[in-house]
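Taken in order, these protein sequences are the chains called A and B.
Number 210 in my numbering belongs to position 210 of the first sequence; there are no gaps in the numbering.
Number 1015 in my numbering belongs to position 15 of the second sequence; there are no gaps in the numbering.
The structure under discussion appears below in the form of structure tokens.
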Amino acid sequence: MLEQGRYNYYEILELPTTAPQHEVTTAYERAKATYSGENPAIYTIFSDHEARELLTLIEEAYAILGNKTLRGIYDQRLLGGQAQPKELSYQSILTASRALFPENKPEEKKNEYKIDEIFEKKISDCKEWDGEFLKKVREYKCIGLDRMSEKTKINSYYLNALEGMDPSGLPAPVFVRGYVIQVAKFLGLNDKTVADSYMKIFRARTEPQHARSK
Amino acid sequence: MEKLVHSAKKHNKGGGPSLWVTASGKGGAGKTFVTSSLAITLTKLGYSVIIVDLDAAGANVHTALGQNPAPVSLRNWLEGQKDLAGIVTPTNLPRLSFVQGLWDSWCPIELSVENMRKLAAELRTLRCDFVLVDLGPGATEAHLELFRGADEKILVSTPEPTSIEKTYRFLEAYICSTLRDSARPEAFEDLLKTLREHRHRRHKKPFSFRGHLREHEGFQIDHFEALSRSPVRLVINACRSQVNAELGYSMKSVCSKYYDLGLDFLGALDFDNAVWQSVKNKEQVLIAQPFTPLAGQFLAVCKHLIAPEELRAVG
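Right, dumping it as structure tokens:
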């Protein structure tokens, strides 16, 4: 049994230290099947309590060995003779990994723009959201079409048509509404009001054309 | 084929036949079936094989092979009338012979440890490539004597808890019998006491054979490493599902964690309707239905034992 002194994670999963990653997973799945539930193989050997303890160890071992980065750190310390198994707890490996690979995500570059009180007021008071005004807001916030397209995942061709309210360059109205919502969210506007108002204007401008074409 | 014969020669040191012993904790696990099937698979691979029936509780290897009982049996050897080579009876299957077990049940003779020692020595003088011994159920001292000395120790279990439980008891008996020979008597007594306490859950610390050997004097420290070099081979017979077959890996893991004993999972054998159908006709299944999936499983088991390199997908 796994008593007093801690065994290393390879011994817990019964693997050679050279085992490839897929064998680690197989060994883990087999070990998990063995010590959880009512496996007849542990009958008369391990009590439920002992099986649960073993299972905890197995989960811990897999949390390290199943992860290539953590396994690399573990191997380095264990096989390099830097530490005894009992000093290499799950937490210590995790801490070491955090030290090696700090989790600082690259800071999003904030859009710098001069706040213009008058224009801000105009935005908050605006009831009629057409393409032209959306363009103004975009330009006020110093966002290029390219960047808008990259962030909203909408082709800049459509964005252009959206701002020009040009139905020939846009898909069916239901998709247009979706685009407007994306754009409004990205510009930090209330997407529902903007979309409702934009679609109202959009329909009003396109329907006469439809009527004529019919 | 030449390559195979070559590896078999390498397999048995000394030049005599390789000795494979099949045992099980529980009766009816399929020892006789496994032994006879392994023998037939080996003969199909071109080896000559002799099966020795040592099941004192009712010898029936002859029935499993579809043969008539032989006129000479182990009785003649026990009573000193014939030597072992003199009671080997050929079968109508190529390269396969057998030694008739004791089936005169009206005058039972317990096979003693002494008998077994003598037998083991004589088995190695038989002229063939492989000698396969079919033991009776359970871990009697005589059984363990032969089992320990075998080149391949094959342990048969079925997926039922009853069989698994008895398989573990057999392994415990096996471990203790090997320890008893190498340990000082008082150290061994102490171990038995500890084991008894542990079984009744009165022992304070978790128990481990390896830990015990390390902490107590009078044992050889590398005992389990030595045992694991010639591991017991586990066969799970009559598997009805993948879960049953996976039991082999589970038992291997339990043995390693609890007994510190390296066990080799030889393979799982499917429950196959072809078996009872051929048994009913007193035929060996691999003869009656040579293309049943079991035949492939036995071939894999034999290859695992005599030429494991041939099973590897990448050389």
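Don't be surprised by glycine CBs; every beta carbon is placed ideally from N, CA and C.
Residue range of the alpha helix (DSSP H) that includes residue i
| i | result |
| --- | --- |
| Leu1054(B) | Segment Val1049 to Leu1054 is the beta strand (DSSP E) holding Leu1054(B); no alpha helix (DSSP H) there. |
| Val137(A) | Gly131 to Tyr140 |
| Ile1287(B) | Val1285 to Ala1288 |
| Cys1176(B) | Pro1161 to Ser1182 |
| Val1254(B) | Gln1242 to Val1254 |
| Lys1153(B) | Per DSSP, Lys1153(B) belongs to no alpha helix (DSSP H); it is in the beta strand (DSSP E), Glu1152 to Ser1157. |
| Pro85(A) | Counting along the chain, Pro85(A) falls outside any alpha helix (DSSP H), and DSSP gives it neither H nor E. |
Residue i vs residue j beta-carbon contact at 7 angstroms
| i | j | result |
| --- | --- | --- |
| Asp1134(B) | Lys1026(B) | no |
| Ala1274(B) | Gln1289(B) | yes |
| Thr44(A) | Glu1172(B) | no |
| Ile42(A) | Ala51(A) | yes |
| Phe1219(B) | Tyr1259(B) | no |
| Thr1041(B) | Leu1299(B) | yes |
| Ile181(A) | Ala161(A) | no |
| Thr1091(B) | Leu1054(B) | no |
| Leu1096(B) | Pro1017(B) | no |
| Ser1256(B) | Glu29(A) | no |
| Leu1305(B) | Phe1265(B) | no |
| Lys1153(B) | Val1254(B) | no |
| Ala1057(B) | Leu1102(B) | no |
| Tyr9(A) | Ile64(A) | yes |
| Arg71(A) | Leu88(A) | no |
| Leu159(A) | Leu145(A) | yes |
| Ala1386(B) | Phe1271(B) | Summary: the structure shown does not reach residue 1386(B), with chain B confined to residues 1001 through 1315, and so no result is reported for it. |
| Asp1151(B) | Ser1048(B) | no |
| Ser1163(B) | Ala1029(B) | yes |
| Gly164(A) | Gly131(A) | yes |
Residue range of the beta strand (DSSP E) that includes residue i
| i | result |
| --- | --- |
| Asp1264(B) | Leu1263 to Asp1270 |
| Ile181(A) | That residue, Ile181(A), is in no beta strand (DSSP E); its alpha helix (DSSP H) goes Pro173 to Phe186. |
| Leu1135(B) | Phe1130 to Leu1135 |
| Cys1239(B) | Val1232 to Cys1239 |
| Ser168(A) | Run containing Ser168(A): none; DSSP gives neither H nor E here. |
| Ser1097(B) | Leu1096 to Val1099 |
| Thr1022(B) | Ser1018 to Ser1024 |
| Val1088(B) | Val1088 to Pro1090 |
Rounded separation between residue i and residue j - CA only
| i | j | result |
| --- | --- | --- |
| Leu1004(B) | Gly1086(B) | Its pLDDT being 49, under 50, Leu1004(B) is placed unreliably by the model, and nothing is read from it. |
| Ile201(A) | Glu128(A) | 8 angstroms |
| Leu1078(B) | Val1052(B) | 14 angstroms |
| Ser1112(B) | Asp1222(B) | 30 angstroms |
| Asp1083(B) | Leu1269(B) | 36 angstroms |
| Leu1119(B) | Val1072(B) | 16 angstroms |
| Pro1293(B) | Asn1244(B) | 17 angstroms |
| Ser168(A) | Cys142(A) | 27 angstroms |
| Met199(A) | Leu55(A) | 59 angstroms |
| Ala1139(B) | Gly66(A) | 40 angstroms |
| Leu2(A) | Gly1211(B) | Only weak support exists for where Leu2(A) lies, its pLDDT of 49 falling under 50; the coordinates are left without a value. |
| Gln91(A) | Val1131(B) | 55 angstroms |
| Glu23(A) | Pro16(A) | 10 angstroms |
| Ser156(A) | Arg138(A) | 13 angstroms |
| Arg98(A) | His1216(B) | 43 angstroms |
| Gln1284(B) | Ser1036(B) | 8 angstroms |
| Lys1193(B) | Leu1093(B) | 51 angstroms |
| Lys214(A) | Ala172(A) | With a pLDDT of 45 at Lys214(A), under the threshold of 50, the modelled position of that residue is not reliable, and the figure given next carries that caveat. When rounded, the distance between both Cα atoms is 17 angstroms. |
| Gly225(A) | Ile93(A) | A query on residue 225(A) cannot be resolved here, the shown segment of chain A reaching from 1 to 214 and no further. |
| Phe1170(B) | Phe1147(B) | 11 angstroms |
| Gly1267(B) | Val1301(B) | 6 angstroms |
| Phe1033(B) | Ala83(A) | 51 angstroms |
| Asp1190(B) | Asn1115(B) | 30 angstroms |
| Arg1124(B) | Gly81(A) | 47 angstroms |
| Thr206(A) | Lys114(A) | 35 angstroms |
Proximal residues of chain A, C-beta to C-beta of residue i below 8 angstroms
| i | result |
| --- | --- |
| Leu1247(B) | Asn39, Pro40 and Ala41 |
| Ser1256(B) | Glu14 |
| Tyr1168(B) | Thr44 and Ile45 |
| Pro1161(B) | Pro40 and Tyr43 |
Partner residues on chain A for residue i, Cβ-Cβ distance less than 7 angstroms
| i | result |
| --- | --- |
| Val1133(B) | In chain order: nothing, as chain A lies at least about 27 angstroms away. |
| Glu1165(B) | Tyr43 and Thr44 |
Chain B contact residues for residue i, given Cβ-Cβ distances below 8 angstroms
| i | result |
| --- | --- |
| Ala296(A) | The structure shown does not extend to residue 296(A), since chain A spans only 1 to 214, so no value can be given for it. |
Proximal residues of chain A, C-beta to C-beta of residue i below 9 angstroms
| i | result |
| --- | --- |
| Ser1250(B) | Arg30, Ala31, Ala33, Thr34, Tyr35, Asn39, Pro40, Ala41 and Ile42 |
Exercise. Is the segment 1171-1191 of chain B in contact with the segment 1060-1079 of chain B, if contact means three or more CB pairs nearer than 8 angstroms?
Worked result: no
For this session: Evaluate contact between the segment 1016-1023 of chain B and the segment 1134-1143 of chain B, counting only Cβ atoms and requiring at least three cross-stretch pairs below 8 angstroms.
Result: yes
Exercise. Are three or more beta carbon pairs between the segment 116-134 of chain A and the segment 142-154 of chain A nearer than 8 angstroms?
Worked result: no
Problem set entry | Touch test, the segment 1238-1252 of chain B against the segment 1279-1288 of chain B, Cβ-Cβ under 8 angstroms, three pairs minimum | no
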